[in-house]
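Student:
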Amino acid sequence: MQTRWHARLMLALLLAPALLWLGALIILPHLDLALLSLRQRTGPQQYVSSLAQYRTFFHEPLYWHVFVRTAVMSVVSTLFTLLVAFPIAWIIAKILQGRASSLLFIVCLVPFWVSETVRTLGWMILLRESGVLPALLVKLGLTAVPVEFLYRDATIMLGLVYTSMLFMLVPLVSSLESLDNSLIEAAYDLGASGASILRTIVIPHAAPGITAGCIIVFMLTLGNYLTPTLLGGKNSEWFTEQIYTQFITRFNWEQGAAFGFLLLGLSTAMVMIGLRLAGQRFGDVMRRT
Amino acid sequence: MIPSLPRPAWLRTATAAYLIAFLVFLFLPLIVVAVFAFNDASYPAPPWRGFTMDWFLGNAAKARTGLFQDADLLGSIWTSFVVASWVTLLSVLVGTANAFLMERARFPGQQVLSVLIMAPLVIPGVILGISILAFASRLAELGEDLFGWELDFLRPGLPLVVLGQFSYMATIATLTISARLRRFDRTLEEAALNLGASRPAVFRTIVMPYLAPALTGSAAISFVMSFADFNTTLMLVGADSPLTVMMYGRMREGASPVLNAVSLFLMIASGLLALTLLRGGSKPPQVQVAAPSAP
Chain B
298 MQTRWHARLM LALLLAPALL WLGALIILPH LDLALLSLRQ RTGPQQYVSS
348 LAQYRTFFHE PLYWHVFVRT AVMSVVSTLF TLLVAFPIAW IIAKILQGRA
398 SSLLFIVCLV PFWVSETVRT LGWMILLRES GVLPALLVKL GLTAVPVEFL
448 YRDATIMLGL VYTSMLFMLV PLVSSLESLD NSLIEAAYDL GASGASILRT
498 IVIPHAAPGI TAGCIIVFML TLGNYLTPTL LGGKNSEWFT EQIYTQFITR
548 FNWEQGAAFG FLLLGLSTAM VMIGLRLAGQ RFGDVMRRT
Chain G
9 MIPSLPRPAW LRTATAAYLI AFLVFLFLPL IVVAVFAFND ASYPAPPWRG
59 FTMDWFLGNA AKARTGLFQD ADLLGSIWTS FVVASWVTLL SVLVGTANAF
109 LMERARFPGQ QVLSVLIMAP LVIPGVILGI SILAFASRLA ELGEDLFGWE
159 LDFLRPGLPL VVLGQFSYMA TIATLTISAR LRRFDRTLEE AALNLGASRP
209 AVFRTIVMPY LAPALTGSAA ISFVMSFADF NTTLMLVGAD SPLTVMMYGR
259 MREGASPVLN AVSLFLMIAS GLLALTLLRG GSKPPQVQVA APSAP
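Chains as they are written, first to last, in my numbering: chain B, 298 to 586; chain G, 9 to 303.
Right, here's the structure in full:
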């Protein structure tokens, strides 16, 4: 009897921090944000519940333009990240062995111990009009005057791919490492070409890692603020920036809350679609990272 | 293809070239930041005008403010340090409790809770920030209206920054610590109990030493990520700016090599931390997995 009572007490003690954390910092704030997004200010301290905030979003072309643009650019930059990271993951997991392989893996992860601010500062020094790359191009005679590389979509994309690399590399390497080399050898001996080995053996095996990487990179890209605003300047038109503007600059919390929910909805929807495409469960994917 | 299969020469060359290009891509921004911390010019841009330590040591006499004289920057490093310490402490404590809860206890609703624990990772940091900001001000207003309390810690400021970062860092700590707890061989524990050890003694002498690498690993990750967090912090920050927010503000205004100097300081500090961890003997994967910047 006493041990059961003891076990109950232990369970309660272990549950308390989890419930406090999730309740006070995740669940209640999001419920509050939902309520906030569903009301409209009619006068000082006067509110009525309405869908006006969401209506504004759909009626104002600027807002949904930025929303769609952010979504599309996030998808494209996720695919680029996958394309760039895959060969590197292959080199780490399959071509190099032993110490060389783990050394390269560590080297690839090192830059991500430094904050995004520092890495973005590096890109700004490289790419701005008075920066290193434009100066180099002039010196090489490729351009007559220094070119401004900042404030372009391609530059934003470059920064986003760079900053997400880690989150793609880690799941890819771990899923490729578990692929048995003898399968590839067998396929080769049976006459399969490189492309068909990739398509029929490697990609199906690595699918969980690819999904995990893509989902995380997409979410982080969609929610990124620093890279688009610094590399894109006024041209960045990133949706998180709209949220910031509504919340902090204009102090229009109702509108900002609605934008927040739209972003959250988009992110959740894309995660669901990704999981459905790969036939996987959320928990398994998160555990891989 | 893999080494055991014949690889044509062009493919080997292409692989090597790609790897080198990738490493250049990866390290170039960091190298550039480090190099221009020592350039003798008031703007971090080419051409190279000679080596100087002014951006670290410079003072009013030299008409340049170096990092060690820049009270604002030093203050923001200290702010980040304080915030990161709190976030680390909270995350590791709650992460450990959660790990035992999910791996050892069985209770109704556990499935639901396990999904909820993951949730903070799929919520963009900006939204975590605004939701906590809105909820905290609602509580503050309630406290003021109902009881006349001045709940200043619920207004934008460092306590909220700590809570905001902790809200998702706890998930990362939980994942790291439960991953190790799951691989624990429970027969060790049973053997010790059979031999007459009390439960607290088993916990102290067997379970905790086994978990130690995961605890230090997740502490380091929390600390580094807290230092690097931007999205959540930006929404919750008050008068005292942590380093990332301060740097962001100055980067928008225009660049000064002092930012390069403080960045170099960050690189060295996080490099040393990473090295200590790798040397510490815990198998790297645990630590590597999340060396990241903020979600």
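No residue lacks a Cβ here, since even glycine has one placed at the ideal position from N, Cα and C.
#1: Below 7 Å on C-beta distance, what does residue 146 of chain G contact in chain B?
#2: So with Cβ pairs under 9 Å, would you call residue 216 of chain G a contact of chain B?
#3: Residue 511 of chain B CB to nearest chain G CB: under 9 Å?
#4: Can you pull the chain G residues whose beta carbon is under 8 Å from the beta carbon of residue 537 of chain B, in chain order?
#5: Strictly below 9 Å CB to CB, what residues from chain B border residue 279 of chain G?
#6: Whose C-alpha, out of B/518, B/382, B/491 and B/394, is nearest the C-alpha of residue 26 of chain G?
#7: Excluding five sequence neighbours on each side, which residues of the same chain lie with their C-beta closer than 7 Å to the C-beta of residue 550 of chain B?
#8: If residue 461 of chain B sits next to residue 378 of chain B, beta carbons under 8 Å apart, how far is it from one beta carbon to the other, in whole angstroms?
#9: Name the chain G residues whose beta carbon is nearer than 9 Å to that of residue 315 of chain B?
#10: Roughly how many angstroms lie between the CA atoms of residue 487 of chain B and residue 389 of chain B, to the nearest whole one?
#11: Can you pull the chain G neighbours of residue 550 of chain B, defined as C-beta to C-beta under 9 Å?
#12: With a threshold of 8 Å, are at least 3 pairs of Cβ atoms found where one atom belongs to the segment 165-183 of chain G and the other to the segment 238-253 of chain G?
#13: What residue range is occupied by the uninterrupted beta strand (DSSP E) comprising residue 337 of chain B?
#14: What in chain G is Cβ-close to residue 432 of chain B, meaning under 9 Å?
#15: Which same chain residues, not among the five before or five after residue 457 of chain B, have their C-beta less than 6 Å away from its C-beta?
#16: Output the distance between the C-alpha atoms of residue 504 of chain B and residue 226 of chain G, rounded to the nearest integer angstrom.
#17: With 16 other CB atoms within 10 Å as the buried threshold, where does residue 282 of chain G fall?
#18: Taking the alpha-carbon positions, what's the residue 188 of chain G to residue 530 of chain B distance?
#19: I need the straight-line Cα distance from residue 111 of chain G to residue 94 of chain G, nearest angstrom please.
#20: Just the Cα atoms here: how many angstroms apart are residue 302 of chain G and residue 256 of chain G?
#21: With 9 Å as the threshold, decide whether the Cβ of residue 544 of chain B is near any Cβ in chain G.
#22: From residue 357 of chain B to residue 548 of chain B, what distance separates their C-alpha atoms?
#23: To the nearest angstrom, how far is the alpha carbon of residue 206 of chain G from that of residue 214 of chain G?
#24: Can you tell me which of the three DSSP states residue 344 of chain B falls into?
#25: So is residue 106 of chain G buried or exposed if we call it buried at 16+ other beta carbons inside 10 Å?
#26: Have a look at the DSSP bridge pairing and note the partners of residue 532 of chain B.
#27: Beta carbons nearer than 8 Å to chain B: which residues of the segment 73-93 of chain G have them?
Tutor: Concretely, from the data shown:
#1: 329
#2: no
#3: no
#4: 132, 134 and 239
#5: 407, 410 and 411
#6: It is B/382 whose Cα lies nearest to the Cα of residue 26 of chain G.
#7: 333 and 544
#8: 5 Å
#9: 102, 105, 106, 109, 110, 121, 124, 125, 178 and 182
#10: 26 Å
#11: Going along chain G in sequence order, the residues near residue 550 of chain B (Cβ under 9 Å) are 138, 141, 142 and 145.
#12: yes
#13: Note, residue 337 of chain B: beta strand (DSSP E), 336-340.
#14: 53, 54 and 55
#15: 374, 518 and 524
#16: 28 Å
#17: The residue in question, residue 282 of chain G, is buried, as its Cβ has 16 or more Cβ neighbours within 10 Å.
#18: 43 Å
#19: 26 Å
#20: For residue 302 of chain G, the pLDDT reaches just 39, beneath the cut-off of 50, and the residue's location in the model is therefore unreliable, although a value from the coordinates is still provided. Take the alpha-carbon of residue 302 of chain G and the one of residue 256 of chain G: they are about 15 Å apart.
#21: yes
#22: 19 Å
#23: Distance from the CA atom of residue 206 of chain G to the CA atom of residue 214 of chain G, rounded to whole angstroms, is 12 Å.
#24: strand
#25: buried
#26: When DSSP reads this structure, residue 532 of chain B sits in no beta bridge, so it has no partner.
#27: The segment 73-93 of chain G vs chain B, Cβ under 8 Å: nothing.
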